[in-house]
Amino acid sequence: METAAPEVRFRPLTRDDLPTLARWLAEPLVARWWSENSPDRVEQDFGPYLDDAQTECIAEPAARGRGAGAAMAAWAVSEIWAHHPGASCVIVPVNIENPRSWGALLRAGFRRLPDAELTPDNPGDTPLHAICRIDRPARRGTGTPWTGAGS
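Position 118 of the sequence shown, counting from 1, maps to 125 under our numbering, and the rest follow consecutively.
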């Protein structure tokens, strides 16, 4: 029996959200990838961006495995297309040992390119990363690929 996808709503992150963000970052599946999750560190890392239109996508633990990650990735890509008309693609490297993250990207329409070694965010992680890419859709009504801001 499939579980319905959770409702996904987006709104700007506010200072009032920082305790929720710290709790989410401390969740075992997240903490593995984000080792610095104390309230002071969350304030230090995210506080300066609250007035800068920084987008962070978080989901409650109950939403895991129900499509929230793919929905958030798809929304983030739609925002990139809307606000960066010169962007022809989005490329996201994800540590190879984090299949939940790169799997969500694949479910959101990304395709996987050959893996590559990159400097990991956490020095204890492997340098191998899954490289995921999504291209801007073809121009509507033309059937031709999008080729740039002036096309």
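Note that beta-carbon positions come from the ideal geometry of N, C-alpha and C, so glycine has one too.
Predicted model, so just to flag it, every value in this text is computed and none were measured.
- Assignment of His136 by DSSP, reduced to helix, strand and coil, places it in the strand class.
- Segment contact: the segment 133–145 against the segment 97–114, three or more CB-CB distances shorter than 8 Å; contact assigned.
- The criterion of a C-beta distance shorter than 8 Å is not satisfied by Trp41 and Leu28.
- When Cβ pairs closer than 8 Å are counted between the two stretches, the segment 78–85 is seen not to touch the segment 41–57, the count staying below three.
- Out of Pro134, Val101, Thr126, the CA that lies nearest to the CA of Leu120 is found in Val101.
- Cα atoms of Gly131 and Trp88: separation of roughly 34 Å, rounded to the nearest angstrom.
- With contacts defined as CB atoms closer than 8 Å, Thr133 and Glu86 fail to qualify as a contacting pair.
- For Glu50, the uninterrupted alpha helix (DSSP H) segment begins and ends at 46–53.
- In this structure, DSSP gives Arg18 a state outside helix and strand, which the three-state scheme calls coil.
- Put simply, of Pro106, Asp128, Val84, His91 the residue whose alpha carbon is nearest the alpha carbon of Gly116 is Val84.
- Under the criterion of beta carbons closer than 8 Å, Glu50 and Leu25 qualify as touching, at roughly 6 Å.
- Annotation for Leu135: Ile103, Asp122, Glu124 place their beta carbon closer than 7 Å to its own, counting only its chain and skipping 5 residues before and after.
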